[in-house]
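Protein chains in written order, with our numbering: chain A, 3 to 324; chain B, 13 to 311; chain C, 29 to 348.
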Amino acid sequence: MLLEINDLHVYYKSYWYTLKVLNGVWLRLDRGERIGVIGESGSGKTTLLKSILKILPQNGMIPRGEIRYDGKDILKLSGNELSKIRRKEIGMIFQDPMAALNPVFKIKDQLYDILKYKMMIEGHNPSSKELYEEASKIFSDVRLPDPDRVLESYPFQLSGGMRQRVMIAMALISAEKLLLADEPTTNLDVTIQDQILKLIHRLVMQKNLSTILVSHALGMVYQMTDRVYVLYAGDIMEEARTRELFSHPKHPYTQLLVASTPRLSSVGVGEGIKGKLPDYRNPPAGCRFAPRCPYVMDKCINTKPGKIQVNREHVVSCYLYD
Amino acid sequence: MQKTSVQELKFIELERKIKRENWRRMWFRFKKSKLSILGLSMILVLLFMAVFADYVAPYPSHAGLHIAFKNAYKPPSLEYILGTDMYGRDVFSRIIFGFRYAFMMIGLVLSLVAPTGVILGLLAGYYRGTVIEAIIVRLSDIFISLPPLVLALSIASILEPNIFNAMMAVSLMWWPWYVKLTYSMTVSLRNEPFILAAESQGASTLHILFKELLPIQLGTILTKVTLDAGWIILIGAAISFVGLGAQPPTPELGTMVSEYSKYLPEYWWMSLGPAAGIILIILAFNLLGDGIRDVFAGE
Amino acid sequence: MQDDVILNVSNLRKYFNTTEGVVRAVDGVSFNVEYGETLALVGESGSGKTTTGHVIMGFYPPDDGKIIYKGIYDLSSPMKKRTLELKRDIQIVFQDPGTSLNPKRMVKDIITLPLLVHRTIEKKRIYEKVAELLEYVGLSEEFMFKYPHELGGGEKQLVAIARALAPQPSFIILDESTSALDVSSQAKVLNTLVKIQKELRLTYLLITHDLGVVRNISQRVMIMYLGKIYEEAPTEEFFKSPMHPYTQMLLSSIPTLSEDDEKIKPKEIESVGEIPSAVKPPTGCRFHTRCPFAKPVCSQQDPPDIIANSGHIVRCWLYE
Numbered sequence: 003m004l005l006e007i008n009d010l011h012v013y014y015k016s017y018w019y020t021l022k023v024l025n026g027v028w029l030r031l032d033r034g035e036r037i038g039v040i041g042e043s044g045s046g047k048t049t050l051l052k053s054i055l056k057i058l059p060q061n062g063m064i065p066r067g068e069i070r071y072d073g074k075d076i077l078k079l080s081g082n083e084l085s086k087i088r089r090k091e092i093g094m095i096f097q098d099p100m101a102a103l104n105p106v107f108k109i110k111d112q113l114y115d116i117l118k119y120k121m122m123i124e125g126h127n128p129s130s131k132e133l134y135e136e137a138s139k140i141f142s143d144v145r146l147p148d149p150d151r152v153l154e155s156y157p158f159q160l161s162g163g164m165r166q167r168v169m170i171a172m173a174l175i176s177a178e179k180l181l182l183a184d185e186p187t188t189n190l191d192v193t194i195q196d197q198i199l200k201l202i203h204r205l206v207m208q209k210n211l212s213t214i215l216v217s218h219a220l221g222m223v224y225q226m227t228d229r230v231y232v233l234y235a236g237d238i239m240e241e242a243r244t245r246e247l248f249s250h251p252k253h254p255y256t257q258l259l260v261a262s263t264p265r266l267s268s269v270g271v272g273e274g275i276k277g278k279l280p281d282y283r284n285p286p287a288g289c290r291f292a293p294r295c296p297y298v299m300d301k302c303i304n305t306k307p308g309k310i311q312v313n314r315e316h317v318v319s320c321y322l323y324d
Numbered sequence: 013m014q015k016t017s018v019q020e021l022k023f024i025e026l027e028r029k030i031k032r033e034n035w036r037r038m039w040f041r042f043k044k045s046k047l048s049i050l051g052l053s054m055i056l057v058l059l060f061m062a063v064f065a066d067y068v069a070p071y072p073s074h075a076g077l078h079i080a081f082k083n084a085y086k087p088p089s090l091e092y093i094l095g096t097d098m099y100g101r102d103v104f105s106r107i108i109f110g111f112r113y114a115f116m117m118i119g120l121v122l123s124l125v126a127p128t129g130v131i132l133g134l135l136a137g138y139y140r141g142t143v144i145e146a147i148i149v150r151l152s153d154i155f156i157s158l159p160p161l162v163l164a165l166s167i168a169s170i171l172e173p174n175i176f177n178a179m180m181a182v183s184l185m186w187w188p189w190y191v192k193l194t195y196s197m198t199v200s201l202r203n204e205p206f207i208l209a210a211e212s213q214g215a216s217t218l219h220i221l222f223k224e225l226l227p228i229q230l231g232t233i234l235t236k237v238t239l240d241a242g243w244i245i246l247i248g249a250a251i252s253f254v255g256l257g258a259q260p261p262t263p264e265l266g267t268m269v270s271e272y273s274k275y276l277p278e279y280w281w282m283s284l285g286p287a288a289g290i291i292l293i294i295l296a297f298n299l300l301g302d303g304i305r306d307v308f309a310g311e
Numbered sequence: 029m030q031d032d033v034i035l036n037v038s039n040l041r042k043y044f045n046t047t048e049g050v051v052r053a054v055d056g057v058s059f060n061v062e063y064g065e066t067l068a069l070v071g072e073s074g075s076g077k078t079t080t081g082h083v084i085m086g087f088y089p090p091d092d093g094k095i096i097y098k099g100i101y102d103l104s105s106p107m108k109k110r111t112l113e114l115k116r117d118i119q120i121v122f123q124d125p126g127t128s129l130n131p132k133r134m135v136k137d138i139i140t141l142p143l144l145v146h147r148t149i150e151k152k153r154i155y156e157k158v159a160e161l162l163e164y165v166g167l168s169e170e171f172m173f174k175y176p177h178e179l180g181g182g183e184k185q186l187v188a189i190a191r192a193l194a195p196q197p198s199f200i201i202l203d204e205s206t207s208a209l210d211v212s213s214q215a216k217v218l219n220t221l222v223k224i225q226k227e228l229r230l231t232y233l234l235i236t237h238d239l240g241v242v243r244n245i246s247q248r249v250m251i252m253y254l255g256k257i258y259e260e261a262p263t264e265e266f267f268k269s270p271m272h273p274y275t276q277m278l279l280s281s282i283p284t285l286s287e288d289d290e291k292i293k294p295k296e297i298e299s300v301g302e303i304p305s306a307v308k309p310p311t312g313c314r315f316h317t318r319c320p321f322a323k324p325v326c327s328q329q330d331p332p333d334i335i336a337n338s339g340h341i342v343r344c345w346l347y348e
């Protein structure tokens, strides 16, 4: 078991109110597994990833829950140990490459920084020649042509696809054990997206990396993961093997999501889901999907359903299956 | 037909209710900060004193020409709160009348400068790439590059130095800043989809300028107007201080500081009074300006 | 034949002068849109599909070519010079819900503007008409008094659609209108668009990069790449037998959700390369730098239009 999250609560506190975003998230990941977390924007998926690396903004707090990584409780680790993990073990691909790349520094500077800090942990102080060789190797891994030019460029001089590849390269440097990907291909053209996804797939297989792919793009999650969690408004609603989840979704939210996605093989888009995400300042007391659920019952409004095992490996959080 | 108009009336009433709600919310945002309330109260008090100076001031006749040498150079006392000046006039009363001139200046300058500047800025930004923009922008650039005091000096040498001409001078150097502010905001908004949508639906230019572009900029402009008020007093006082503005015996705050500074340091209360008055007004407008900014901050 | 055509575009060109050179955004595009259909204009970034839509709307004048609306109106004049009637009849729904509505204006005022400009309704009945329009797109009348920041992305787009419908147009350009929405909002908006199309006899030009959406609501598809159209076909035909290598590359790149969908994807071709710069596009067929089937002639000459089936046109030397 590489990563185990139990009953994770994450709140964002401000002067006037508290946003209770994550409401008891549970998740587990074995070594070498590729899991996905499906969630629309605002569901808390980025919050979840940031909690794992403990890079929540200042007003983010974790009042309850635990994150066990490699046997250690991340929330209780010291600054030094956390640093080590961030530099060498867990890497993250962010949604917007321009958010992860500093626009006023050349790619070379940013990349070398990451490499250097990682090598320093290994007890090694690299020379600039070594850094250059290492960087070229990584660039060829991510199929970036013309590494010399890219290294000397500023982020704005590269195309979207190239920036994404640079960010993947940077994430992979620090990801020896676990790769976190937050919407790694939004904003990219679909043909470029395809190349990037295949690239990530190849590298993940090659290095036997465990991955958590977080996205609202169901198709991408279907293609890239073995097991999926469905996250709605800070609660995990369903967990299953990927093929199983998409062919036999059990939770009403999942069913509606899958039905609403336009298909290539048939015509007709679902009706969509009425309503909106709840207000995190005052979230529903029971099941957070209850206000929008077509099958809502009284008990759904009052208490949150627990984890119900429907099948081997298929878990739902819904009273319909009680 | 009867049924329809009842429906319409219902909607009209609803809209009024919602708009009242919005005003209430704005006020709520304003009064969240105690300092803003303080600023507002100070302005209201000073304004009251300015308007009713004849009744509020203990010695209203001392405002202008008044000579009573036996009362001259008296330090602050119960009778003369801030003492008397070299002609025996009550400094405190004169300051209250000074507020009147201060508000007059602010009112005149801002009501000239703000609307003109904003309209020119909107036009220049909306008609980007045309002669209109070029003319307006170049013109304001020219005026901005003229040193304010030199401008005031030139005006004073052409016209006689008095408070009205001082205000004209201040207006002339102030208006380009409103053009610049509005122009840059308009340029950045000009090609936003919602403006293109309005244009593509055939909205008139007047509508786009005043009903689409201006409302978005109103918050920034009002904040600037409020904060400018303090600066205008300061510049006006500076102009009077060098003798180009209000002439004695006019009880303008800057003029008084100038006149009375000759009597420092023994008769310190004379210049302290008007200087404190200036500081008070500037402080009040700054606090108010912070409040106004907070109201529009969420946008 | 001509009576069926609401919009005729021939040889449209639009270039932009930039610091890096001249961007040939739209470089010789011709097509017809028929009354009542949904024609999808598909492409990735740099394809010129958005520029085409914007030129039709009049945001820029074309550099060459003709655009004829309803057989008589010449749309090569920019927005400012167009008649009020044209502005009423052709509407657009933008991509980003966050910027297509003025944040300082109430929904009611946003929708009232076209009503007043075109005098579609008397002032006495404005509120009623706005409520009617909102209801038509599936929003309750209380949305009238809300401001854009109180609405979700999907709701904002529905307001944008209501605004577009207000002057009773005939032709609506949907410029990536659902690309910024989550799957649920997208479904609601698409369903609304389809429902009202028949009732109000609207014609849609759907500009998008999302082939899933295309499959579901359009009758005909056109593929653009770097300023030119390379394939055009009825939707079902398009997905069943895509001919152009770029089309095949596009289709094979779509992340699908099910085995059935997977089967539709062409297997022979995989995505390679980056989209070249529009400042110096490749010579001849612009796709030849990424095409696995490129022949020498592809880099020398622009391929001609080849009619494969009725309604199915490819621009590729492979099918000569």
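Heads up, the beta-carbon is just placed ideally off N, CA and C, and yes, glycines get one too.
Residue i at chain C interface by Cβ criterion, 8 Å
i	result
G133 of chain B	no
A292 of chain A	no
D196 of chain A	yes
Y19 of chain A	no
Interface flag, residue i vs chain B, CB-CB below 8 Å
i	result
V145 of chain C	yes
S128 of chain C	yes
F267 of chain C	no
Which listed residue (the options) has its alpha carbon closest to that of residue i
i	options	result
K200 of chain A	C:S299, C:G255, C:S212 and C:Y258	C:S299
P125 of chain C	C:L202, C:R147, C:L35 and C:G339	C:L202
V152 of chain A	A:A183, A:Q112 and A:D72	A:Q112
Y175 of chain C	C:P273, C:I139 and C:S205	C:I139
L135 of chain B	B:I233, B:I49, B:L122 and B:Y195	B:Y195
T217 of chain B	B:G137, B:L230 and B:M197	B:G137
Residue i in three-state terms, based on DSSP
i	result
L234 of chain C	strand
R32 of chain B	helix
L67 of chain C	strand
T49 of chain A	helix
I251 of chain C	strand
K152 of chain C	helix
F199 of chain C	strand
T144 of chain A	The sequence as given places Val at residue 144 of chain A; Thr does not occur at that position. Note: V144 of chain A maps to coil in three-state DSSP.
Residue i: contacting residues in chain B (beta-carbon distance under 9 Å)
i	result
N45 of chain C	None at all; the shortest Cβ gap to chain B is about 13 Å.
P90 of chain C	Here the premise fails: no neighbours, minimum Cβ distance about 16 Å.
Closer than 8 Å at the beta carbon, the chain B residues around residue i
i	result
P142 of chain C	Q213 and G214
D124 of chain C	P205
Contact with chain A by residue i, beta-carbon distance below 8 Å
i	result
D330 of chain C	no
E48 of chain C	no
L285 of chain C	yes
A215 of chain C	yes
Within chain A, the residues that residue i reaches when beta carbons sit closer than 8 Å
i	result
L218 of chain C	P264 and V271
Amino acids of chain C, ordered along the chain, whose beta-carbon sits closer than 7 Å to that of residue i
i	result
E224 of chain B	N130
Residues that DSSP places opposite residue i in a beta bridge
i	result
K42 of chain C	C:V54
P304 of chain C	Beta-bridge pairing links P304 of chain C to no other residue.
V342 of chain C	C:E259 and C:I334
N313 of chain A	A:H316
Proximal residues of chain A, C-beta to C-beta of residue i below 9 Å
i	result
D203 of chain C	Chain A residues near D203 of chain C: none, gap ~17 Å exceeds 9 Å.
Cross-chain neighbours of residue i in chain B, by beta carbon under 7 Å
i	result
G87 of chain C	Correcting the residue type first, residue 87 of chain C is Phe in the shown sequence and not Gly. Residues of chain B passing the Cβ test: L208.
Partners in chain C for residue i, counting only beta-carbon separations shorter than 9 Å
i	result
F158 of chain A	What F158 of chain A touches in chain C: nothing, since even the nearest Cβ is about 13 Å away.
Chain C contact residues for residue i, given Cβ-Cβ distances below 8 Å
i	result
S200 of chain B	Neighbours of S200 of chain B on chain C: none; closest Cβ ~12 Å, over 8 Å.
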